[in-house]
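*Asks:* Would you mind keeping the following structure in view while I ask a few things?
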Amino acid sequence: MNKLRLLPLVALSCLVAAQAHAGWQDTINNMMKPDSKEGKIFSGATQVLSSSQEMTYQTECTVGESLALDSMQRFGKPVQNEALQKYVNLVGNAVARNSQRSTIPYRFVVLDSPVQNAFAAPGGIVFISRGLLNVLDNEAELAAVLAHEVGHVAGKHALKSIRRAQFLQGASAITAATMKGSKGQQFESMVGDLQNTLFDKGLDQGMEYEADQAALETTYRTGYDPGAMVSVLQKLKKQEATAAKTGSWFSTHPPLDERIARLSAQLAKYPAAGSAKLPARFAKYVKPAKSGKASK
């Protein structure tokens, strides 16, 4: 099956997946309510327990959802544009289905923030800011950015990076009954470490290069222009001198010149003939958001 046929088939499967997980917005809204189940989890009413078993996906999700709440408090709430959010989820799930960790559900959220950044929380929650989205010009570039973040989720990079990673090793269960005392404090401290890593310090450079390579491979397998990630980085390079640095792509990722050089050296392995960029479809959903017009 060639790539041009693969893309619509994957998009169709992602549409079904997006419908199955259509409650993501309700989950995000519940994060903000302290009396809800999600709110209690995030405020410290649950506990990660030690055991000899591997950490469950549900435990990973709890960590990720707690971090998601913190990210919205720091960068802003989701953009109130249902059509845009659905579109970004469709594109994101298309590349996720071709990633190295395609068996978990992913949620993609556009945050109403001018800071140019994208980041992934453990468990498959991926954020892209309105500021970064406005830099992009086509769907292939959007797919590349989201595929980069999916690469972080696939590699469990955030969980591997924090100083208290040993607290998660062997964790297998979450229970509200035991979220007390030192364990609860450890959980909150661990989430604080994750915030510092993702929002301020950034991940290890090797992990970023690994996610770049995953973006190149995944966008190509999905049928998009394999040079899209390079194109995104080149656009950011032009804005680097005047863009805000704190909490942005520039402060949490390796130098752009090095990333561009590494990816450009790999492009010969991924022929661009027949690949898609889809600027018109991208403009249909994203351009109204740029001008402040909400699409319903």
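Numbering-wise, the sequence shown is residues 4 to 299 according to our numbering.
Glycine included, C-beta positions come from ideal geometry on N, C-alpha and C.
The model shown is predicted, which means the values in this text are computed figures rather than measured ones.
Within 10 angstroms of the Cβ of Gly209, are there 16 or more other Cβ atoms? Answer buried if so, exposed if not.
*Replies:* Gly209 should be labelled exposed.
*Asks:* Any beta-carbon of chain D closer than 7 angstroms to the one on Met210?
*Replies:* Annotation note: the requested chain D is absent from the structure, which comprises a single protein chain.
*Asks:* Is DSSP giving Pro291 helix, strand or coil here?
*Replies:* Here Pro291 sits in helix by DSSP.
*Asks:* Which of the three DSSP states is assigned to Tyr227 in this structure?
*Replies:* Looking at Tyr227 - three-state DSSP - the assignment turns out to be strand.
*Asks:* Among the residues of its own chain, which have a CB less than 8 angstroms from the CB of Pro1, if the five just before and after it don't count?
*Replies:* Coverage of the chain is limited to positions 4 through 299, which leaves residue 1 absent and any answer about it impossible.
*Asks:* Following the continuous alpha helix (DSSP H) through Ser267, name the residue where it begins and the one where it ends.
*Replies:* That run of the alpha helix (DSSP H) goes 259-269.
*Asks:* Who are Phe78's beta bridge partners in DSSP?
*Replies:* None; Phe78 has no bridge partner.
*Asks:* With a threshold of 16 other CB atoms inside 10 Å of the CB of Ala279, please say whether the residue is buried or exposed.
*Replies:* Buried, since its Cβ has 16 or more Cβ neighbours within 10 Å.
*Asks:* So is Gly277 buried or exposed if we call it buried at 16+ other beta carbons inside 10 Å?
*Replies:* Gly277 is exposed by the Cβ-count criterion.
*Asks:* Are Gly154 and Gly67 touching if we call contact CB-CB under 7 angstroms?
*Replies:* Cβ distance not < 7 angstroms, so Gly154 and Gly67 don't count as in contact.
*Asks:* Output needed for Thr200: all residues of its chain with C-beta closer than 7 angstroms, excluding positions within five of it in sequence on either side, in chain order.
*Replies:* Closer than 7 angstroms at the Cβ level, and outside the excluded window around Thr200, lie Ala161, Ser164, Ile165, Leu206.
*Asks:* To the nearest angstrom, how far is it from the Cα of Lys204 to the Cα of Ala121?
*Replies:* Going from the Cα of Lys204 to the Cα of Ala121 covers about 14 angstroms.
*Asks:* For Gln119, does the count of other Cβ atoms within 10 angstroms reach 16, so buried, or fall short, so exposed?
*Replies:* With 16 or more Cβ atoms within 10 Å of its Cβ, Gln119 is classed as buried.
*Asks:* Counting C-beta neighbours from all protein chains within 10 Å, is the total for Thr106 16 or more, i.e. buried, or is it exposed?
*Replies:* The residue in question, Thr106, is exposed, as its Cβ has fewer than 16 Cβ neighbours within 10 Å.
*Asks:* Considering only DSSP beta bridges, list what Ser132 is partnered with.
*Replies:* Ser132 is bridged to Leu114.
*Asks:* Provide the residue(s) that pair with Phe122 in DSSP beta bridges, ordered along the chain.
*Replies:* Paired residues: Phe130.
*Asks:* Would you kindly check if the distance between the Cβ of Leu219 and the Cβ of Pro229 is under 7 angstroms?
*Replies:* Yes. Within cutoff.
*Asks:* Can Ala97 be considered in contact with the ligand SAH, in the sense that its beta carbon sits closer than 6 angstroms to one or more heavy atoms?
*Replies:* Although the ligand SAH was asked about, the structure shown includes no ligands whatsoever.
*Asks:* Excluding five sequence neighbours on each side, which residues of the same chain lie with their C-beta closer than 7 angstroms to the C-beta of Leu281?
*Replies:* Cβ neighbours of Leu281 beyond the five flanking positions: Asn141, Glu142, Ala143.
*Asks:* From Arg100 to Gln216, what does the alpha carbon distance come to, in whole angstroms?
*Replies:* Going from the Cα of Arg100 to the Cα of Gln216 covers about 16 angstroms.
*Asks:* Compare the C-alpha of Ser69 against each of Ala124, Arg110, Thr225, Gln103 and name the closest.
*Replies:* When each option's Cα is compared against that of Ser69, the closest is Ala124.
*Asks:* Have a look at Gly95 and Ile128 and give me their C-alpha separation to the nearest angstrom.
*Replies:* Roughly 11 angstroms between the two C-alpha positions.
*Asks:* With a threshold of 8 angstroms on Cβ separation, who are the neighbours of Lys240 within its own chain once the five nearest residues in sequence on each side are excluded?
*Replies:* For Lys240, where only same-chain residues beyond five positions count, the Cβ hits under 8 angstroms are Leu259, Asp260, Ile263.
*Asks:* Considering Ala161, what are the terminal residues of the alpha helix (DSSP H) in which it resides?
*Replies:* Ala161 -> alpha helix (DSSP H) spans 160-164.
*Asks:* Is the beta carbon of Val233 less than 7 angstroms from the beta carbon of Leu266?
*Replies:* Yes, these two residues count as a Cβ contact at 7 angstroms.
*Asks:* Would you mind sorting Ala271 into buried or exposed? The rule is 16 or more other CB atoms within 10 Å of its CB.
*Replies:* The residue is exposed, with fewer than 16 neighbouring Cβ atoms inside 10 Å.
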